[in-house]
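Protein chains: 2
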Amino acid sequence: MELRDRAKQMKLDSMELAAKTSEERNNALALIADALIAAKEEILAANEADMKAAEEAGIAAPVLKRLRFDENKLNDVVSGVRELIKLKDPLGKVELKRELDEGLILVRETCPIGVIGVIFESRPDAMVQISTLCLKSGNCAILKGGSEALNTNRILFETIHNTAVKAGMPDNCMLQIEAREDIGKLLECHEAIDLLIPRGSNAFVQYIMNNTKIPVMGHADGICHIYVDKAADINKAVKIVTDAKTQYVAVCNAVENLLVHKDIAADFMPALKAEFDKRNVELRGTEAIRNIVDCVPATDEDFETEYLDYILSAKTVNDINEAITHINKYGSHHTDAIMTEDAETAAYFMQLVDSAGVYQNCSTRFADGFRYGFGAEVGVSTGKLHARGPVGLDGLVTYKYKMFGNGHIVADYASGVRKFNFKDLM
Amino acid sequence: MELRDRAKQMKLDSMELAAKTSEERNNALALIADALIAAKEEILAANEADMKAAEEAGIAAPVLKRLRFDENKLNDVVSGVRELIKLKDPLGKVELKRELDEGLILVRETCPIGVIGVIFESRPDAMVQISTLCLKSGNCAILKGGSEALNTNRILFETIHNTAVKAGMPDNCMLQIEAREDIGKLLECHEAIDLLIPRGSNAFVQYIMNNTKIPVMGHADGICHIYVDKAADINKAVKIVTDAKTQYVAVCNAVENLLVHKDIAADFMPALKAEFDKRNVELRGTEAIRNIVDCVPATDEDFETEYLDYILSAKTVNDINEAITHINKYGSHHTDAIMTEDAETAAYFMQLVDSAGVYQNCSTRFADGFRYGFGAEVGVSTGKLHARGPVGLDGLVTYKYKMFGNGHIVADYASGVRKFNFKDLM
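Same order as they appear, the protein sequences are chains A and B.
The first sequence begins at 98 in my numbering and counts up one residue at a time.
The second sequence begins at 98 in my numbering and counts up one residue at a time.
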């Protein structure tokens, strides 16, 4: 069957999955965790084959590292599945209950989105995490993993899918696609797929966003800023900028651009430079910065670049408004922080910066679903609709309105025979 | 300045509007209400000119009716603005407040979406309603009204915009576009516009959805169903189907397709037919229906058609599952109802039908923001992301995460020096 037809059938079957109870979905997840452990030998052997093929193909070391799926990683993802079971069911949550008139009750209740397409990177962990997140939230999933992980993903998917079906989930609850050319077909399934979540490189996510009518959740860029206000505590600011830059550079919530108030730059920059030199971080500065510390000249392009590396570009600003305007213009609306001891200044910054996360005196690296206490994370959204910032299970649900009447008709309200008498019941 | 550049500037200025307090926005709305009344003579004269031009151009009577903007209509929209002021501020609502660790506080707070583009029909009332809804929710608006209402819309926009600016709103809080070719330019402003709301014909909304990268909120089709279960109360069902079909035919929440359980069809259909005959409603039926009552044969195409007219197509089904499958396949996921006295059957239907509204024993015509008690309505969304069903002010907001720290860095949590200690503060 063609992918498009399979996706359409999945859309129809998605309501069957949506109707499964919390107990049924959690029971399937528990059996999946056990089945993954039971399939350990096969999974590790499949990963050995993928690793061997990747090494022979001369794949880069960082990709090889992400591709490796050993016993520790298996145990980690299985623990993840067991934690997921404990998370509160995101479905069936009553968000509104209102009597519109005598005997006419309106209820707004959360339900799954339907069919979600996820395209992810070469980490086999992602296959387990994403398929189980979708199952927990009652969504059907079409999964496309990185081609380097073909063998590992295949056995992981088979184990998860077979177990889910044995546990009573519909056969069409999840579908794996493997061929790269199927991505193009997937992007055309706007009648059947409700949401696409692409994970991977900036260019890849951008490509997906530009080539489908399906709503896309995710982020392409992650150009995060820290603004060091004139009322900053210099020690705190040095510590935080260093953490945001160096704690893990290859991630979207690492800081890329630094804006420093001109009145504090002469004190702050040398302190930061000293810390950066210890850690081999390259500082790129505008002329005003280079008048204070010795560093590489920063070009305009630097301020539009997501380095994902031990590089930080810095410029001075005359006041907080210049900082805010710069962030709103050059940033990616992901996460931006102000370093200041002045609460009013912080409030002003947080109000006017147009980003999913606006922080005072803490590292941009906190922008993450686990650190926000969401348990599982789907990804980070820099879009403003549906879900913004780190997205947990709540981002995988929508709602429907249920209305219970007893013969109620609109004509009676139009004619004035009856009147609405709104009364919230919760 | 080109529309694209103006939209980009509006995006930057949108944060200034977002920072206005509830009092400031409501004050602007109060002044706008007064200014509209004060500009009465000019507004009515402009509408006279539009009406005259439309009549000369031979515009159809229903369009002329919608185009007319007399003193009564002006008073109605001004009352609407005054009601809007009383509605609770959708901004600054704290949705989550959590201590992640000592001194590290995460707050999730509602805020405006940013820049919203609205393309609407020839009713001049829409200009007032939409511009004030956007202002109330702190969003900048780019407004394109129907070309027939050019003069009326121009004076309405000028009055509203000038008053808003005098009341302290940024000059770029709203922008009117008039030329039809500007719609094409608008659709290309995906860097600046966060959301598009097209209102109008099915074909027009579909065109917008297919020709922009900007997220679109709205509905193209409105193919609503009523399923008459074998456990239906026939009197109630006749009354409700009649209301849903005839109370106002030219709307998206009118019923278009009727599904009748085979066991009740012989009793139900004649009763419905008698009522329809009184009201000159054309019934189109499948063979099984025509074996019971005399009516026009229904084709497959009928079940995919939004009539917006005094026509209803009907078919029998063998059981509730056939009804559900039909609705999920042919419906537009708008609003679908079951007529049944059996609560379990109703629950099953409501669970499995994939629509924004699922009703028991009441008319589909209730699917409307005012009737849901939302006060103002932006429109009805058949999309599943962000907002679904009738959309009130809440559909015009998003949220941001604010985090307050005191030097907190991620390295301390990664190394285990500190541990997260999630505690909800609300």
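Beta carbons are placed, not taken as given, at the ideal position from N, Cα and C, and that holds for glycine.
Item checked: Partners in chain A for Val455(B), counting only beta-carbon separations shorter than 8 Å -> Neighbours of Val455(B) on chain A, chain order: Lys497, Tyr498, Lys499, Met500.
Checklist line | Rounded straight-line distance, which links the Cα of Ile311(A) to that of Ile305(A) | finding: Answer to the nearest angstrom: the Cα atoms are 10 Å apart.
Notebook entry, point to check: Between which two residues does the alpha helix (DSSP H) harbouring Ile386(B) extend?
Noted result: 384-387
Margin query: Do Leu188(A) and Ser234(A) have their beta-carbon atoms positioned less than 8 Å apart in this structure?
Written below: Contact flag set, yes.
Item checked: the stretch 446-461 of chain B in contact with the stretch 419-429 of chain B per 3-pair CB rule at 8 Å -> yes
Next item on the list: Find the nearest neighbour of Asn418(B) within the set Ser512(A), Lys105(A), Asp110(A), Gly382(A), judged by alpha-carbon distance.
Entry: Cα-wise, what sits closest to Asn418(B) is Asp110(A).
Note to self: Can you pull the chain A neighbours of Lys310(B), defined as C-beta to C-beta under 8 Å?
What the structure shows: Met306, Asn307
Check: Hey, how far is the Cα of Phe400(B) from the Cα of Ser410(B)?
Finding: When the Cα atoms are used, Phe400(B) and Ser410(B) turn out to be separated by approximately 7 Å.
Next item on the list: Following the continuous beta strand (DSSP E) through Gln273(A), name the residue where it begins and the one where it ends.
Entry: 271-274
Note to self: As an exercise, report each continuous beta strand (DSSP E) stretch of at least 3 residues that is fully enclosed by the stretch 138-165 of chain A, in chain order.
What the structure shows: none
Checklist line | Inter-residue Cα distance where the pair is Phe467(A) and Ala157(A) | finding: 29 Å
Check: Does DSSP put Tyr456(A) in a helix, a strand or coil?
Finding: strand
Next item on the list: Inspect the beta-carbon positions of Lys105(B) and Glu288(B) and report whether they are closer than 8 Å.
Entry: A contact, by the Cβ cut-off of 8 Å.
Margin query: I'd like the list of long-range same chain contacts for Asp509(B), defined as Cβ closer than 7 Å, with 5 residues on each side in sequence excluded.
Written below: Arg515
Note to self: Only counting the same chain, and skipping five residues up and downstream in sequence, which positions put a Cβ closer than 6 Å to that of Ala261(B)?
What the structure shows: Ala125, Cys270
Margin query: At a cut-off of 7 Å, would you count Asp318(A) as near the ligand GTP, judging by its Cβ distance to the nearest heavy atom?
Written below: The model depicted lacks the ligand GTP and carries no ligand whatsoever.
Check: Which value, in whole angstroms, describes the spacing of the CA atoms of Met523(A) and Tyr469(B)?
Finding: 15 Å
Check: What does a CB cutoff of less than 6 Å around Gly492(B) pick up in its chain, not counting 5 residues either side in sequence?
Finding: Val475, Ala484
Checklist line | Where the stretch 207-237 of chain B meets chain A: residues whose CB sits under 8 Å from a CB there | finding: Ile210, Gly211
Checklist line | Spatial distance of Ala276(B) from Ser244(B) (CA atoms) | finding: It is roughly 8 Å from the alpha-carbon of Ala276(B) to the alpha-carbon of Ser244(B).
Note to self: Within 8 Å of any Cβ in chain A, is that where the Cβ of Met447(B) sits?
What the structure shows: yes
Next item on the list: Specify whether the stretch 386-393 of chain B and the stretch 427-445 of chain B touch according to this definition: at least 3 beta carbon pairs, one from each stretch, less than 8 Å apart.
Entry: Judged by Cβ distances under 8 Å, the stretch 386-393 of chain B makes no contact with the stretch 427-445 of chain B, as fewer than three pairs qualify.
Next item on the list: Using the Cα positions of Ala223(B) and Met98(A), report the straight-line distance between them to the nearest angstrom.
Entry: 47 Å
Note to self: On the DSSP letters alone, give me the boundaries of the alpha helix (DSSP H) that Ala132(A) sits inside.
What the structure shows: 119-135
Note to self: Does Pro209(B) come out as helix, strand or coil in the three-state DSSP assignment?
What the structure shows: strand
Notebook entry, point to check: By the criterion of Cβ-Cβ separation under 7 Å, what are the contact partners of Tyr469(A) in chain B?
Noted result: Leu203
Check: Is it a yes or a no for the stretch 276-285 of chain B touching the stretch 392-408 of chain B, going by three-plus beta-carbon pairs under 8 Å?
Finding: Under the Cβ criterion (8 Å, minimum of three pairs), the stretch 276-285 of chain B does not count as touching the stretch 392-408 of chain B.
Notebook entry, point to check: Once you ignore the five residues that flank Tyr324(B) on each side, which residues in its own chain have a CB closer than 6 Å to its CB?
Noted result: The residues are Leu356, Ala420, Ile435.
Item checked: Selection of the stretch 367-383 of chain A by Cβ proximity to chain D, strictly under 8 Å -> Among the protein chains in the structure shown, which are A and B, there is no chain D.
Next item on the list: Starting from the Cα of Lys412(A), find the closest Cα among Ala362(A), Ala440(A), Ile213(A), Asp173(A) and give me that residue.
Entry: Ala362(A)
Item checked: Val77(B) to Leu240(B) span [Cα, whole Å] -> Absent from the structure is residue 77(B), since the part of chain B shown begins at 98 and ends at 523.
Notebook entry, point to check: Does the distance from the C-beta atom of Thr461(A) to that of Ala341(A) stay below 8 Å?
Noted result: yes
Next item on the list: For Asn248(A), count neighbouring Cβ atoms within 10 angstroms of its own Cβ and tell me buried if that reaches 16, exposed if not.
Entry: For Asn248(A), the number of other beta carbons within 10 angstroms of its own is at least 16, and it is reported as buried.
Check: Cα separation between Ile524(A) and Val215(B)?
Finding: In the structure as shown, chain A begins at 98 and stops at 523. Residue 524(A) is therefore absent and cannot be evaluated.
Next item on the list: Taking Phe519(B) as the query, report the chain A residues whose CB atoms sit under 7 Å from its CB, ordered along the chain.
Entry: Gly470
Check: When the distance is taken between beta carbons, is Gly297(A) closer than 8 Å to Phe166(A)?
Finding: no
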